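Every letter in the sequence shown is one number past the one before it in our numbering, and letter 180, counting from 1, is 177.
Glycine included, each C-beta is placed from N, C-alpha and C at the ideal position.
In this text the structure is predicted, and so the values were computed from the model without any measurement.
Since the structure comes first, as C-alpha cells, the remarks are kept for the end.
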Amino acid sequence: MSGIAIHGGAGTLDRAAMTPELEQQYLNALSAAVSVGDRIIQQNGSALDAVEAAVKSLEDFPLFNAGKGAVFTHDKTHELDASIMCGKTLEAGAVAGVQGIGNPVVLARAIMEKSDHVLLCGNGALKFAQHIGIEQLPESYFHTDLRWKQLMQVINEEGTFLDHSVHTDPPDKKFGTVGAVALDKHGNLAAATSTGGMTNKRWGRAGDSPIIGAGTYANNNTCAISCTGHGEFFIRAVVAYDISCLMEYAGLSLEDACRKVVNDKLVKLGGEGGLVAIDTKGNICLPFNSTGMYRGWKSENSEIITAIY
Ligand code: ASP
C-alpha cells in the first residue's frame, strides 16, 4: 500500500471571489504537486523524498502562502516556517522565521540530516543555510502584489490574519500554508509543512507549521499529519501528535482520531482549519472545520483527486 495527500491551506474560502480560471490554476497546481510526489513513490522512492518534492512544488507556486508568494509580516518582510518528519526514524527538522530562503522545506530537511538540531530560528537558521550552501534570495523574489494588497488592508489593525481570511471588498479569502503526507512502498510514512504564517504577524511570531507535534508529525506506528489553520490553536491542541496518540494509545482509527481532534476538540477551542493525514495502511483523511481546504490526494490504485470546498 502507498499513497500521498497534500494541502494548500484551509480557511474561510469565499466562492464568490473565485473565477473559474483561478480555480483551475489552483487545481492544476495541487494536481502537479500530488503527481511530483506520487512519481517518487511509484519509482520505489521514499515518503520523505515524496513529501519534500510535493511541498517544494507548492512553495514555488506563487498563489500559495509558502516560499514564493508568502504573506507579508508587519515589517513588510517575509518570515518563513517549515518542518519535515520521518515516520521511520522519528527524526525531524524545522525552521522558523527565516528570510530569503525560497524552499524552506529543503532547509528543514537539511537541519534534520546535517545538523544535531531539530529547530533553527531566524538569523541562526540563515547562517546554517549559508554554511551548507543553500542560496539566499532577495526580498523581491517573494513579493507578490496580492500579498502586498492584503498587508495594506490590515497593517493599521491590531492582530494577525490568516491569508485566506483577510477581509477585502470583494472578499479575498484564498490561499494558504502548504503541506504533504505520504506512505511509500516500503511502509514508511513522512510529513512536511511550509508557510509564510499569518499576514501582519510581528515580534517573531511562529505558528504551528514549524512545531513538530503541532503542525507536522509522522510515526510509522500510526500516521503522518500536516496541518493548516489558525496556528495558535493547533499548537495549544498539539493537533498532529494528538491524532497519532489517539491511534497509538486509545486504538482509534485514523478517521475517528481526525474527527475527534478537528471537528470536536479544535472547534471547542475556537480553532479553525484542517489537515491531511495518511495511516500505515494507506487510508487517507482530509478533515477541516473551515469552509474549505485546498487539497489533493492519490491512493495506491486511484487517480489524482483535487478539491477546494
Ligand atoms: N497554520 C499557519 C500558521 O498559523 C497558517 C495557515 O495554515 O495558513 O502559521
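Check, Outcome
"By how many angstroms is the C-alpha of G293 removed from the C-alpha of A2?", "6 angstroms"
"Would DSSP call M244 helix, strand or coil?", "helix"
"Using a threshold of 7 angstroms, is the CB atom of T74 nearer than that to any non-hydrogen atom of ligand 1?", "no"
"Which same chain residues end up closer than 7 angstroms to N100 when comparing Cβ atoms and leaving out the 5 residues on each side of it in sequence?", "K53, E56, G64"
"Can you check which of these residues, G97, E18, N280, A126, is closest to D253 by C-alpha distance?", "N280"
"State buried or exposed for K198, treating a residue as buried only when at least 16 other CB atoms are found within 10 Å of its CB.", "buried"
"Between which two residues does the alpha helix (DSSP H) holding K198 run?", "No alpha helix (DSSP H) contains K198, which DSSP labels as neither H nor E."
"Is F58 helix, strand or coil by DSSP?", "coil"
"One question on the structure: do G90 and I81 come within less than 8 angstroms of each other, judged by their Cβ atoms?", "yes"
"Please determine whether the Cβ atom of G201 lies at a distance below 7 angstroms from any heavy atom of ligand 1.", "no"
"Which whole-angstrom value describes the C-beta separation of A247 and V48, a residue pair presumed to lie in contact below a C-beta threshold of 8 angstroms?", "The pair is not a contact, with the Cβ atoms about 26 angstroms apart (cut-off 8 angstroms)."
"Between the Cα of V273 and those of S(-1), G0, H4, spot the shortest distance and give me the residue it belongs to.", "H4"
"DSSP state of G130, grouped into three classes?", "coil"
"Is the region 112 to 120 touching the region 250 to 267, taking contact as three or more C-beta pairs under 8 angstroms?", "no"
"Going by C-alpha distance, which of Y238, G193, T190, T196 is nearest A328?", "With the chain represented from -2 up to 306, any question about residue 328 goes unanswered, as that position is not in the structure."
"For H75, is the classification buried or exposed, using 16 other Cβ atoms within 10 angstroms of its Cβ as the cut-off for buried?", "buried"
"Going by DSSP in three states, K171 sits in which element: helix, strand or coil?", "With a pLDDT of only 42 at K171, under the threshold of 50, the placement of this residue in the model should not be trusted, and no figure is reported."
"Just mark T311 as buried or exposed, buried being the case when its beta carbon has 16 or more other beta carbons within 10 Å.", "Only positions -2 to 306 of the chain appear in this structure, which leaves residue 311 out of reach."
"DSSP three-state call for D181: helix, strand or coil?", "coil"
"Note the first and the last residue of the continuous beta strand (DSSP E) segment covering K73.", "Unbroken run through K73: none, as it is neither H nor E."
"Can you have a look at I222 and say buried or exposed, based on whether 16 or more other CB atoms are within 10 angstroms of its CB?", "buried"
"Counting only beta-carbon atoms, is G271 nearer than 8 angstroms to chain C?", "Reference to chain C is not applicable here, since this structure consists of a single protein chain."
"Does at least one heavy atom of ligand 1 sit under 7 angstroms from the Cβ of F231?", "yes"
"Any heavy atom of ligand 1 closer than 7 angstroms to the beta-carbon of D205?", "yes"
"Between which two residues does the alpha helix (DSSP H) harbouring L87 extend?", "That residue, L87, is in no alpha helix (DSSP H); it is neither H nor E in DSSP."
"Under the rule that 16 or more other beta-carbon atoms within 10 Å means buried, what is K73, buried or exposed?", "exposed"
"Tell me Y214's beta-bridge partners as DSSP assigns them.", "I222"
"Do N62 and G173 count as a contact pair if the criterion is CB distance below 8 angstroms?", "yes"
"Report buried or exposed for S299, applying the criterion of at least 16 other Cβ atoms within 10 angstroms of its Cβ.", "exposed"
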